[in-house]
Amino acid sequence: MSSTTKPRFAAPTVLPLDTQPDPHQLDNIKTQLDLVLLALEALAGIGSEAMLQAASDLQVEDLVSDRVSLWRLRQSNPLRKGQGGRKKLDVEEARALVLICCHLAHDQEELIRRAVTLLEQVAEQNREPHHVSLLGDYLDKFHNTYQERMEDSDASSPTQLNHLALKLLIDLLFYSAPNGPRRLWLALLDRARTQ
Amino acid sequence: MPRSVSLFRRYTPPTCTLEVTAKRSPLSQWAAQPVAKDIRFQLSLDAPTVPKDQWAVIKGDRAQLADLGDAVSAYVQRVLEDPGTTEVEFDRPTPHAIATLPALATQTAVTASNATGISLQAQGLLKHTIHWGNLATAETGPSTQLSTLQLFDLANALDEYATDLLDLPELESVGWMTKVPNWAQVAALVLITVGVSTSAIRLLDQANPSPQVASNPSQGASSSDQQIATQIPPAIVEKATPPVVSTERLPSPSPGITPHPTPGKPTVAVPTKPTVPSTPGTSSGPIANYPVPITPGQPTIIAGETEPPAQPAPAPPKKPEEFGAIASRPADAAGASLAQPFAQSRSSKASEAAPKANSSAFDTIPQVSEVRSYFQNRWTPPDGLDQTLEYSLQLDKDGTLKGIVPLKQAAGDYLDRTGMPLLGDPFVSPLQGRETAKIRLVLDSNGNVKTFLEE
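Heads up: the protein sequence lines correspond to chains A and B, in order.
For what it's worth, the working numbering labels the leading residue of the first sequence as 1009, then goes sequentially.
For what it's worth, the working numbering labels the leading residue of the second sequence as 71, then goes sequentially.
Written as structure tokens, this is what we have:
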């Protein structure tokens, strides 16, 4: 029986947009996308090279063409320290970042799944996640990178950042699935609407 | 020649197995995607970390599967949209132990019940409770706790199914279609268009966070019109079906016996999209040493050895004709033989065919020749087939088909081209003096059909 081969990821057309987000909503979207990428960086050591390669694989390199444009897109997160290079993120760029996030999450699916498995195990055993090297490393890197880059890092306690990091890890699991882009896109829009 | 063939889909993410059986409607000829009907499903939450005797097994019909898909999808979306994702102002005290991490905000952590009564609720970051509604059985109880990985796998299996149904490979055109008057094609096309459009809308709605899900009891019905052209809306089904009183009973199934493929024991897995085998995760410390398969199950088409229901299915109050009523409307208009309900059609054809059958020395029971006649009337070798297809068919006492075992890979590949009846459909005359029979069916690429009794 023949079967069709599905594209690895859905085309941007499946990332619908009912109404154009207002600037405040776009700010929220920028923040969330930057944090998802930060979680990927912390967990899998993904750098800008891999992100640009993903943009190329997804044929969105006209939106994310080089390190500078990627840095400016991520710098558009209003939580970021410094204003230099901040640019306005438009919807198409947000879509491109969604695809890139999920492409990278899909590439790291095994690692993400293992991390969540470990998280479930330590939770069952009522142990701290730091006791497991993969989770401990992830949390440390997340903390360090967050504090290095974000304005409000001083106001966030380690416990709060842990919570954020673990929540992002679980979210990454769902974004690593074939319909991850759609899940992330809808989550972004809904979060932007409700905030 | 009208043909309605069985569809089997099996989705096997690491912690659950979703098996779907359906009939492919002849109306698929007019649709961009094949249209399935009479969908039944079985979901086994068979995580390797959970003791086997605690595996929950859920069975139900299309509307319930759609409701389950809607509920899980909406819940996952709520989980992802929970402010915990990105909110940097932490306003909740967070205990150190993850096991007691605060639940996701309660106002967003619950997806509310739909027509089937399925709902999910978060218990911290890592635990989720699914309330089965009227899918609950005595074994499952009203609810089951899922880990995040189980929720993830379940959501993926349901998503795969929803996508796969629309992505089913197209059937080859058959001759009778061209004889249908143009106006009938137009009428059917309109119905298909409505169906496909509605299913597209449903897909959009499915993933779209919709707080109204909670308060709208008709959600289940309105969102499950995926096969509107061939399916009776759940509302009508509900009217035709007495309310299910006992939680031990499933709602009335479609005519025939619900297939119960043995979980984990597919006799043949057709590797057109092979199930990805579990791969051991890289060990990361002593507690990470059990396999961590990573790829969500690719749909695998299987023909599983089937077993009779553990307990008799509730007597279906719906006659086959009732089920066929809506499905056959376009065909009525078309004047095609499609108008006949499948079961009725098969039944009559089988009985007509029987007397005409050529007997052979191997026809130790009449059903052997009846099966041969049945396929002699239907078997047209597809282009490109250059080998013999063999199936082991298990008959139930009442002459219905109880199991299909394709004996080679090609037999599995071409199962949907053989005109094979659905499990449980009237097929041949009732067996005399024996409970079951196993008949070998050999379909030659030159069009010949052979049958003989196996046991």
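Idealized CB from N, CA, C, for every residue including glycine.
Asked	Found
Beta carbon proximity, V75/B to chain C, threshold 8 angstroms	Absent from the structure: chain C. Protein chains present are A and B.
Buried versus exposed call for D234/B [16 or more other C-beta atoms within 10 Å across all chains shown]	buried
Cβ neighbours of S354/B in the same chain (closer than 8 angstroms, five flanking residues each side left out)	Low per-residue confidence applies at S354/B: pLDDT is 35, beneath 50, and the placement is therefore not dependable enough to give any value.
Rounded separation between S189/B and T1125/A - CA only	24 angstroms
The region 1118 to 1136 of chain A: positions lying closer than 9 angstroms to chain B by Cβ	E1118, L1119, I1120, R1121, R1122, A1123, V1124, T1125, L1126, L1127, E1128, Q1129, V1130, A1131, E1132, Q1133, N1134, R1135 and E1136
Those residues which DSSP pairs with L77/B across a bridge	A92/B
Same chain, Cβ closer than 8 angstroms to P451/B, neighbours up to 5 away in sequence not counted	L513, D514, S515, N516 and G517
Residue of A1102/A, N1187/A and Q1116/A minimising C-alpha distance to A232/B	N1187/A
Coarse secondary structure for D1030/A, derived from DSSP in three states	coil
Nearest candidate by alpha-carbon position, reference N1085/A, set E1101/A, D1074/A, S1073/A and D1070/A	E1101/A
The region 186 to 201 of chain B / the region 130 to 146 of chain B touching (three or more Cβ pairs under 8 angstroms)	yes
Three-state secondary structure (DSSP) of K467/B	coil
Rounded Cβ spacing between T214/B and A141/B (contact assumed at less than 8 angstroms)	Actually they do not touch by this definition, with Cβ atoms about 13 angstroms apart.
Selection from D123/B, T87/B, D108/B and Q502/B that minimises the alpha carbon distance to V75/B	D108/B
Contact with chain B by L1025/A, beta-carbon distance below 8 angstroms	no
Enclosing beta strand (DSSP E) for D108/B [first to last residue]	A106 to L115
Candidates Q191/B, L216/B, G187/B and Q220/B: closest to L205/B by CA position	G187/B
Under 8 angstroms between C-beta atoms of P115/B and A1131/A	A quick correction: the sequence has Leu, not Pro, at residue 115/B. No, these two residues do not count as a Cβ contact at 8 angstroms.
Cβ-Cβ distance between Q1177/A and L1112/A below 8 angstroms	Residue identity differs from the one stated: residue 1177/A is Leu in this sequence, not Gln. Their beta carbons are not under 8 angstroms apart, which means L1177/A does not touch L1112/A by this criterion.
CB of A92/B within 8 angstroms of CB of L113/B, strictly	no
For K1149/A, three-class secondary structure by DSSP	helix
Min CB distance K199/B to chain A below 8 angstroms	Residue identity differs from the one stated: residue 199/B is Thr in this sequence, not Lys. Taking Cβ atoms only, chain A never reaches closer than 8 angstroms to T199/B, which makes this a no.
Under 8 angstroms by beta carbon: chain B residues contacting K1149/A	The premise fails here: K1149/A is roughly 15 angstroms from chain B at the closest Cβ pair, so nothing lies under 8 angstroms.
Residue closest to R510/B, alpha-carbon to alpha-carbon, out of L493/B, F222/B, Q437/B and K467/B	Q437/B
Closer than 7 angstroms at the beta carbon, the chain B residues around I1178/A	L195 and T218
Exposed unless 16 or more other CB atoms sit within 10 angstroms - verdict on A208/B	exposed
Pick from D1145/A, L1087/A, R1122/A and E1069/A that is closest to S1164/A, judged by C-alpha positions	L1087/A
Distance between V105/B and K1175/A (C-alpha atoms, nearest Å)	39 angstroms
Chain A contact residues for D453/B, given Cβ-Cβ distances below 9 angstroms	Under the 9 angstroms cutoff, chain A gives no residues; its nearest Cβ is about 13 angstroms from D453/B.
Cα-Cα separation, D1179/A to L150/B	6 angstroms
Cutoff 8 angstroms; reference G139/B; Cβ partners in own chain excluding five residues on either side	L228, D229, Y231, A232 and Q276
Same chain, Cβ closer than 8 angstroms to K467/B, five either side skipped, listed in chain order	P500, L501, R504, E505 and T506
Minimum C-alpha distance to A1123/A - residue among D1035/A, A1050/A, I1037/A and P1189/A	A1050/A
Interface residues of the region 139 to 151 of chain B facing chain A [CB-CB below 7 angstroms]	V146, Q147, L150 and E151
CB of Q1116/A within 8 angstroms of CB of S1184/A, strictly	yes
Within chain A, partners of N530/B - CB distance below 7 angstroms	No answer is possible for residue 530/B: it lies beyond the span of chain B, which begins at 71 and ends at 525.
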